[in-house]
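> Numbering (our numbering), first residue to last: 1204 to 1735.
Think of the CB as a built atom: it goes at the ideal place given N, C-alpha and C, for glycine as much as any other residue.
I'd like to ask some things about the structure below.
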Ligand code: PA5
């Protein structure tokens, strides 16, 4: 039986918490956890707080990679476990600000074009999603110091599209290549494609390029050898998906003209609040426990993230990586197979009400929602679209209506309310979810800070490209002669790889300049490949 309005009002008062220092409120009233859930979780939560305190003190919280996990130090270097780390954090922040000031002052003018006008960020995963989210959330096209573009994939056409948008401004475009490991192929390809574009335009790429990467990495050495403008460090104690408040995120944001110290202040304030070992006072603990409740600690329900704000539309994409790459793990910390995770998807309200919200209300019940409500509609006042009603009132109306409509049908939701979309709030939101992920990982006993699945994908792609190289070598050594994939597999010593050879050969044949032809092909086994 559904709750009466009076019961809901009581539950709302009981489970709605304001965190005034953060400008944040969290409402758990539409999660139907029973009264004994919170007391029952207390011992596990206490352990999670202890593990988090150890992590912040510099424990090896990523045992598989034998690494410390230090993203909390980035916004409060006094917490760093050694003075040397604290100094590196501060020095890097100052270096980011100094370089940014030089760029903005036009001190790094290239060629005849004038000061830098655009920024091309090349990176992927944790080296792109945070910068993209922040650039989109806080950018103001009329005021931004640099217009930001991204290469975040190895899709040639995608890169062409970005280069076309940059157009004749290449000489006034600064390129920041970001890769913690410095060896990620997608990013390496983006760097080479960007460099080729500069060369085609008769420009020196090196005079336009800066890097954010681990000291001594392949990218670091390349940037040094080629005399790039500047190099900024990344450290092994910062994970890719928690690196937004290191140089990875701060450099692009500062160059765009965003207030990075305010982002750091928001994150620091949130860290302080989420360090409090008390569920009632800690918004990250509240989120982590709701995730546990919703999915029974097994991730059986997906989390749909619905911010009612266009500026936050990339937040769900950012969270998708932060949460799924951190929590989606085969083994727990004791080596037991657990196949943990928490699937995340979403976009923005009210837009999504005209898309998949139909299924959320009436279809398969395999999710809970995290609504994000932003109190400030816009900086200025609004017109009335109906008597005494603004567009922003409609947005709020649609949010509350959807929340109620879902609840009526037994579909649960958490609501996060923030006052605005400012650098402070963005820093706060990043820190809030980073902490919730860390606490939840402890609740379910997994390592949130490694990504063996990502590494496995990288290895598998390497094997495909090695096979392609053998295929091309064989076809080139037998010009004009056609082979089925069965013949090719036997010839190049790749038994069992017929399907991959078929896919790779078909791709080569579809692309100009590769010199591979495909003939026949009523079925994959009959298709023949040749080089000319
Ligand atoms: O979060 C992670 O660790 C990954 O998503 C990485 O950020 C991603 O693979 C890119 O790695 P890198 O920054 O080393 O190029």
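Any idea if residue 1383 is buried or exposed, counting beta-carbon neighbours within 10 angstroms, 16 or more meaning buried?
Counted from its first residue, the chain shown places residue 1383 at position 180. Flag for residue 1383 reads buried.
> Alpha carbons only, please: which of 1435, 1307, 1290 is nearest the one belonging to residue 1451?
Within the chain shown, the letter at position 248 stands for residue 1451. For the residues 1435, 1307, 1290, the minimum Cα distance to residue 1451 belongs to 1435.
> From 1341, 1425, 1368, 1340, pick the residue whose C-alpha is nearest to that of residue 1352; which is it?
The residue you call residue 1352 lines up with position 149 of the chain shown. The residue with the shortest Cα to Cα distance from residue 1352 is 1368.
> Near residue 1251, which residues of its chain fall below 6 Å by C-beta distance, leaving aside the five closest residues on each side in sequence?
Here the question's residue 1251 lines up with position 48 in the chain shown. These residues qualify, in order along the chain: 1642, 1645, 1646.
> Would you call the region 1658–1671 in contact with the region 1506–1519, where contact means no fewer than 3 C-beta pairs closer than 8 Å?
No contact exists between the region 1658–1671 and the region 1506–1519.
> Whose C-beta lies closer than 7 Å to the C-beta of residue 1362 among residues of the same chain, with five residues either side of it excluded?
For the purposes of this step, residue 1362 is identified with residue 159 of the chain shown, where counting begins at 1. Excluding sequence neighbours, residue 1362 sits near 1354, 1393, 1396.
> Could you give the DSSP three-state label for residue 1221: helix, strand or coil?
Taking the chain shown and counting its residues from 1, the one referred to as residue 1221 is at position 18. In the structure shown, residue 1221 sits in a strand (DSSP, three-state: E or B).
> Should residue 1528 be counted as a contact of the ligand PA5 given a C-beta to heavy atom distance under 7 Å?
Here residue 1528 refers to the residue found at position 325 of the chain shown. Within the cutoff, so yes.
> Helix, strand or coil: which one does DSSP assign to residue 1441?
Taking the first residue of the chain shown as 1, we reach residue 1441 at position 238. It is coil, neither helix nor strand.
> When burial is assigned at 16 or more other CB atoms within 10 Å of the CB, is residue 1403 buried or exposed?
As a first step, residue 1403 must be located in the chain shown, where it is residue number 200. By the neighbour-count rule (16 or more Cβ atoms within 10 Å), residue 1403 is not buried but exposed.
> Could you give the first and the last residue of the continuous alpha helix (DSSP H) run that contains residue 1471?
As a working note, residue 1471 is residue 268 in the chain shown. Unbroken alpha helix (DSSP H) run through residue 1471: 1463–1476.
> On the DSSP letters alone, give me the boundaries of the alpha helix (DSSP H) that residue 1176 sits inside.
The question about residue 1176 has no answer, for the chain in this structure spans 1204 to 1735.
> If you follow the alpha helix (DSSP H) that residue 1352 is part of, which residue opens it and which one closes it?
Here residue 1352 is taken as the residue at index 149 of the chain shown, counted from 1. No alpha helix (DSSP H) contains residue 1352, which is instead part of the beta strand (DSSP E) from 1350–1354.
> Assuming residue 1556 is part of the alpha helix (DSSP H), what are its boundary residues?
As a first step, residue 1556 must be located in the chain shown, where it is residue number 353. From DSSP, residue 1556 is part of no alpha helix (DSSP H); its letter is neither H nor E.
> Would you give the residue range spanned by the beta strand (DSSP E) that residue 1321 belongs to?
Here residue 1321 corresponds to residue number 118 of the chain shown, with the count starting at 1. Per DSSP, residue 1321 belongs to the beta strand (DSSP E) from 1321–1325.
> With a threshold of 7 Å (Cβ to nearest heavy atom), would residue 1327 be considered close to the ligand PA5?
Walking along the chain shown from the start, residue 1327 turns up at place 124. For the ligand PA5, at least one heavy atom lies less than 7 Å from the Cβ of residue 1327.
> Inspect the CB distances between the region 1595–1606 and the region 1549–1556 and report whether three or more fall short of 8 Å.
As far as the Cβ criterion goes, the region 1595–1606 touches the region 1549–1556, which means the pair count is three or higher.
> Can you tell me whether residue 1638 is buried or exposed, with buried defined as 16 or more other CB within 10 angstroms of its CB?
As a working note, residue 1638 is residue 435 in the chain shown. Label assigned to residue 1638: buried.
> Terminal residues of the continuous beta strand (DSSP E) containing residue 1382?
What you label residue 1382 is simply residue 179 of the chain shown in a count that begins at 1. Counting along the chain, the beta strand (DSSP E) containing residue 1382 begins and ends at 1376–1382.
> Considering only the beta carbon of each residue, do residue 1377 and residue 1406 sit closer than 8 Å?
Within the chain shown, numbered from 1, the residue matching residue 1377 stands at position 174. Within the chain shown, numbered from 1, the residue matching residue 1406 stands at position 203. Not in contact: residue 1377 and residue 1406 (Cβ atoms no closer than 8 Å).
> Residue 1183 and residue 1227 look like a contact to me (Cβ under 8 Å); what is the Cβ gap, rounded to whole Å?
Shown here, the chain extends from 1204 to 1735; a query on residue 1183 therefore has no answer.
> Considering just the uninterrupted stretch of the alpha helix (DSSP H) at residue 1627, what are its terminal residues?
As a first step, residue 1627 is located in the chain shown; it is residue number 424 there, counting from the start. Where residue 1627 is concerned, the enclosing alpha helix (DSSP H) stretches over 1626–1646.
> Go to residue 1680, then tell me how far its beta strand (DSSP E) extends in each direction, as first and last residue.
Here residue 1680 corresponds to residue number 477 of the chain shown, with the count starting at 1. No beta strand (DSSP E) contains residue 1680, which is instead part of the alpha helix (DSSP H) from 1655–1680.
> Using the C-alpha atoms, what's the distance from residue 1323 back to residue 1660?
Counting from one through the chain shown, the residue named residue 1660 turns up at place 457. Counting from one through the chain shown, the residue named residue 1323 turns up at place 120. Those two C-alpha atoms are separated by around 26 Å.
> Since residue 1506 is in the beta strand (DSSP E), which residue starts that stretch and which ends it?
Locating residue 1506 in the chain shown gives position 303, counting from the first residue. 1505–1510 is the span of the beta strand (DSSP E), which, as asked, contains residue 1506.
> Just the Cα atoms here: how many angstroms apart are residue 1277 and residue 1690?
The count along the chain shown starts at 1 and reaches residue 1277 at position 74. The count along the chain shown starts at 1 and reaches residue 1690 at position 487. Spanning the two alpha carbons is a distance of roughly 56 Å.
> Output the distance between the C-alpha atoms of residue 1531 and residue 1543, rounded to the nearest integer angstrom.
Taking the first residue of the chain shown as position 1, residue 1531 is located at position 328. Taking the first residue of the chain shown as position 1, residue 1543 is located at position 340. Straight-line Cα distance between these residues: approximately 5 Å.
> Output needed for residue 1703: all residues of its chain with C-beta closer than 7 Å, excluding positions within five of it in sequence on either side, in chain order.
Stepping through the chain shown from its first residue, residue 1703 is reached at position 500. Contacts found: 1667, 1670.
> Does the beta-carbon distance from residue 1332 to residue 1459 come in below 8 Å?
Your numbering for residue 1332 matches position 129 in the chain shown. Your numbering for residue 1459 matches position 256 in the chain shown. The answer is no: Cβ separation not under 8 Å.
> I'd like the list of long-range same chain contacts for residue 1715, defined as Cβ closer than 8 Å, with 5 residues on each side in sequence excluded.
What you label residue 1715 is simply residue 512 of the chain shown in a count that begins at 1. Excluding sequence neighbours, residue 1715 sits near nothing in its chain.
> Just list the alpha helix (DSSP H) runs in the region 1528–1573, keeping only unbroken ones of 4 residues or longer that don't cross its boundaries, in chain order.
DSSP runs (the alpha helix (DSSP H)) wholly in the region 1528–1573: 1560–1565.
> Using a Cβ-Cβ cut-off of 6 Å (strictly less than) and excluding sequence neighbours within five positions of residue 1380, which residues of its own chain qualify?
Counted from its first residue, the chain shown places residue 1380 at position 177. Taken in chain order, the residues that qualify are 1325, 1394, 1414.
> Counting only the same chain and skipping the five closest in sequence on each side, list residues whose C-beta sits under 8 Å from that of residue 1330.
Counting from one through the chain shown, the residue named residue 1330 turns up at place 127. If we look at residue 1330 and ignore the five residues flanking it on each side, its Cβ neighbours are 1381, 1382, 1383, 1387, 1390, 1415, 1443, 1446, 1451.
> Quick check on residue 1456: does DSSP put it in helix, strand or coil?
What you label residue 1456 is simply residue 253 of the chain shown in a count that begins at 1. DSSP places residue 1456 in helix when its eight states are reduced to three.
> To the nearest angstrom, how far is it from the Cα of residue 1724 to the Cα of residue 1424?
Numbered from 1 along the chain shown, position 521 holds the residue referred to as residue 1724. Numbered from 1 along the chain shown, position 221 holds the residue referred to as residue 1424. Spanning the two alpha carbons is a distance of roughly 46 Å.
> Could you compute how far the alpha carbon of residue 1626 sits from the alpha carbon of residue 1343?
If you number the chain shown from 1, residue 1626 lands on position 423. If you number the chain shown from 1, residue 1343 lands on position 140. When rounded, the distance between both Cα atoms is 12 Å.
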